[in-house]
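For reference, the structure discussed in these notes is given below.
Residue numbers (UniProt numbering), protein chains in the order written: chain A, 1 to 344; chain B, 1 to 344.
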């Protein structure tokens, strides 16, 4: 599903009217004569679920606030699947309303990233999943307490045994299940993917102009591949220094290499219409602001109002089908489950 | 769906084996010879949705944290539909991690209550729905700001117009849509309802003993009707004073009548297995504690361990089919939408 209610109407119109047929011909004429493989962006495919029970268990854990000290914050609190897999806040709200240090990146299509977190300190989704649970500024629990909680709930014990085939319910199984769920959170079928796959009516003339500018002005040097990003670390403020109050140092905090200071993982542009505000500090509220800033500090270029609008129009074609899922019903705590004390 | 994975197995066993057939005969013999209409508890029925678009809009609003000042707290935060329509905390967490004054009652089957809130200060669900949005200790927004937010989002504007047939998007439409959604949140088909409807194998001997004790010892004097509660206000601590640090005064705070001090709306016992902790102050962590306390302070009776276990077993037969729903995808904010500042 896209978030532009006008889109299906427009596409039907293109197909059903003479005027539209002419417009479609124009679009075809404007489309670069090259196959999909020549584009620096590739479409993404729907997830293939091979372990449905594991995914279903991971989904329950994803939505379970009992994985936090307070019993109030779940994975979904900051990576809200109703809101593009993010929280749409500059930085997230953690345990006791602590101000998070960095903008919450979307979980959507995160399996396509080369590493996890803005600084890439987790090599994969499973390693990432354990982070927020035990981070004192986020869910503020511990792996041991999270596991104790799950072991106290008979239905969880049964499900872990069914999925993993053994009785060891450890943080490894918890994070493996969460990661398996996250791997299903891809958003195929964006209008731009339809265009990449050959439907030249899937994006309009302005959107195509935006894509050509996106390629021609250098955005695509970092925002490439199926996720339009997520494949490399790049310096924020390449041409012009980026001014921010946010103290995050980026990649150098992981590698110890000062040359990588202020290098962050290039964020995906998939569903970027939904994942505002933008940048690691969440400083850009709108796509127009983000495009303007990126042009200036990364490319040394000031986009005109028309150019900016064209790129923004292109970026909105990257909204894919959002994951459709039933809200999980969580197994209730047992009498043995330790009750959270959020105000202690 | 019930939350007892053993239940379907047990029922199949009853039907499929000779031993089970004998047990079923025993159950039938024990069942009181009376029709459903003679019971002080009535089954609840599935919701009939007459305005699906209104319900769907209400569902989006229910899950939308932009109805709070912080952009972080939605209706579902404290009435979590993955967790029996409550937050399973003694008292809820409000804006800036404020400690809520009272235990969050379940939204499930709340349309069957005579009034809303523990003190009944809202006459119906629509009146209730406006409360938390503007309560400085809960979502801490204002009705005007909530409406401004919604008006800034084209997809919401379109949906409100489709549902209500006019362009006035006011708090009345917001709360009407939320109430329409809440009215669908009923949980039919609990094992006890199946028993009430004539399936005498739907509850076992212990559960039936618990129900007989529930009736015979006076619990049912307050916990009656289809919701096993929600029909009257009663004094907490009728026989023996209830000790609590919670300052809530109950009904007298609404009526000004000091004789109603400490009178609270009798909570529903539907899905009570899922809605721990119990009482207006959330002081009872388990059903066993709650039954024990109720026996002593309301009935002047100390239940034996066996009696307590029987009543608890009966109470667990009140878990009905939880509302099944797709997680909504929320329309994104527009460039005009004011961004929340949770840390200001």
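Glycine included, C-beta positions come from ideal geometry on N, C-alpha and C.
For residue i versus residue j, is the C-beta spacing smaller than 7 Å?
i: residue 182/B; j: residue 114/B; result: no
i: residue 271/B; j: residue 291/B; result: no
i: residue 78/B; j: residue 64/B; result: no
i: residue 141/B; j: residue 68/B; result: yes
i: residue 109/B; j: residue 280/B; result: no
i: residue 277/B; j: residue 99/B; result: no
Leaving aside the five residues before and after residue i along the sequence, list all residues of the same chain whose C-beta is less than 8 Å from its C-beta, in chain order.
i: residue 83/B; result: 274
i: residue 124/A; result: 115, 116 and 179
i: residue 327/B; result: 63
i: residue 266/B; result: 222, 223, 229, 230, 231, 232, 233 and 234
i: residue 101/A; result: 91, 137, 246, 247 and 248
i: residue 127/B; result: 116 and 175
With a threshold of 6 Å on Cβ separation, who are the neighbours of residue i within its own chain once the five nearest residues in sequence on each side are excluded?
i: residue 226/A; result: 42, 44 and 112
i: residue 138/A; result: 94 and 132
Could you tell me whether any Cβ in chain D is nearer than 7 Å to the Cβ of residue i?
i: residue 97/B; result: Checking the listed chains, one finds no chain D in this structure; the protein chains it contains are A and B.
Exposed or buried, residue i, counting other C-beta atoms within 10 Å across all chains shown (16 or more means buried)?
i: residue 105/B; result: buried
i: residue 284/B; result: buried
i: residue 257/A; result: exposed
i: residue 163/A; result: buried
i: residue 261/B; result: exposed
i: residue 341/B; result: exposed
i: residue 369/A; result: The shown model of chain A, from 1 to 344, leaves out residue 369/A, and the question about it has no answer.
i: residue 40/A; result: exposed
i: residue 168/A; result: exposed
i: residue 129/A; result: buried
i: residue 312/B; result: buried
i: residue 74/B; result: buried
i: residue 332/B; result: buried
Taking only beta-carbon atoms, is residue i less than 7 Å away from chain B?
i: residue 162/A; result: no
i: residue 193/A; result: no
i: residue 264/A; result: no
i: residue 236/A; result: no
i: residue 330/A; result: yes
i: residue 286/A; result: yes
i: residue 325/A; result: yes
i: residue 169/A; result: no
i: residue 322/A; result: yes
i: residue 145/A; result: no
i: residue 136/A; result: no
i: residue 67/A; result: no
i: residue 214/A; result: no
i: residue 343/A; result: yes
i: residue 274/A; result: yes
Sorted by chain position, which residues of the same chain lie with C-beta nearer than 7 Å to residue i's C-beta, five sequence neighbours on each side aside?
i: residue 170/B; result: 147
i: residue 51/A; result: 180
i: residue 334/A; result: 152, 153 and 154
i: residue 198/A; result: none
i: residue 209/A; result: 310
i: residue 314/B; result: 207, 210, 211 and 214
i: residue 203/A; result: 191, 192, 195 and 317
i: residue 189/A; result: 320 and 321
i: residue 293/B; result: 284
At a Cβ threshold of 7 Å, is residue i touching chain A?
i: residue 151/B; result: no
i: residue 71/B; result: yes
i: residue 269/B; result: no
i: residue 121/B; result: no
i: residue 104/B; result: no
i: residue 89/B; result: yes
i: residue 101/B; result: no
i: residue 132/B; result: no
i: residue 302/B; result: no
i: residue 93/B; result: yes
i: residue 83/B; result: yes
i: residue 339/B; result: yes
i: residue 159/B; result: no
i: residue 63/B; result: yes
i: residue 228/B; result: no
i: residue 249/B; result: no
Taking 6 Å as the cut-off, does the CB of residue i come closer than this to any heavy atom belonging to the ligand MN?
i: residue 233/B; result: Summarising the ligand content, the structure contains no ligands, and the ligand MN is consequently not present.
At a cut of 8 Å, does the segment 290–299 of chain B reach the segment 234–250 of chain B through at least three beta carbon pairs? Contact holds: three or more Cβ-Cβ distances are below 8 Å.
Count Cβ pairs between the segment 172–189 of chain A and the segment 57–67 of chain A that sit closer than 8 Å; are there 3 or more? As far as the Cβ criterion goes, the segment 172–189 of chain A touches the segment 57–67 of chain A, which means the pair count is three or higher.
Contact the segment 245–259 of chain B vs the segment 210–227 of chain B: 3+ CB pairs below 8 Å: With a cut-off of 8 Å, the segment 210–227 of chain B and the segment 245–259 of chain B do not count as touching, because too few Cβ pairs lie within range.
Three or more C-beta pairs under 8 Å: does that hold for the segment 309–326 of chain B against the segment 119–134 of chain B? As far as the Cβ criterion goes, the segment 309–326 of chain B does not touch the segment 119–134 of chain B, which means the pair count is below three.
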